[in-house]
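Worksheet: one structure, shown below.
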Amino acid sequence: MSGREPSLEILPRTPLHSIPVAVEVKPVLPGAMPSSMGGGGGGSPSPVELRGALAGPMDPALREQQLQQELLVLKQQQQLQKQLLFAEFQKQHDHLTRQHEVQLQKHLKQQQEMLAAKRQQELEQQRQREQQRQEELEKQRLEQQLLILRNKEKSKES
C-alpha cells in the first residue's frame, strides 16, 4: 500500500435498498489442526498459518494474487461501510434539518402573532386617544357656546 487513504468522495444520495450488499461466507476452521508452520510451541495456529497449511505449498505469485484479491474485497467492504455510514449521516442530517425548520416556522409564527397583538394594542390605544381628543374638543365647543350665550344674556339685560 502507498500509505495514503483513498479520498472520501461525496456520493450521490442513494436509497439504502438500492446499494448492493455482498457478504462473504467462509467455512469455520477446526481449532485443533496441527500446524505445519511451527506456530510457536504447540498453541493454536494463527489464521495466517492455517491459510498456508490448508492451501499447502503455493506459488508466491498466486499467493500474491490471492492476497491482492482479499485486499480488494476488504477495500470494497470498507467503501460500502463508508457509503452506509454516509447515508445514515445524511438521513440524520436531513431529519435534524427538518426538525430545525419546523422549530423555526413555529418561532416565526409566534413572533408574527406577538407582533400582530402588539399592533392591535397600539391601534386600540390610538383609537382611545383620538376618542378622548374628540370628546375634549366637543367639551370645549360646548363651553364656548355656553359662554357666548351667557354673554348675549348679559348684553340683553343691560
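Reading the sequence shown from the start, the letters are residues 1 to 158 in UniProt numbering. Note that CB positions come from ideal geometry on N, CA and C, so glycine has one too.
Item: Exposure of Leu29, with buried meaning 16 or more beta-carbon neighbours within 10 Å; Value: Model confidence at Leu29 stands at a pLDDT of 45, short of 50, so the residue's coordinates are unreliable and nothing is read from them.
Item: Straight-line gap, Gln68 to His95 (C-alpha atoms, nearest Å); Value: 40 Å
Item: DSSP-derived helix/strand/coil call for Ser155; Value: helix
Item: CA-to-CA distance, Lys75 to Phe89, given in whole angstroms; Value: 21 Å
Item: Rounded separation between Arg98 and Ala116 - CA only; Value: 27 Å
Item: For Asp59, the three-state DSSP class (helix, strand or coil); Value: coil
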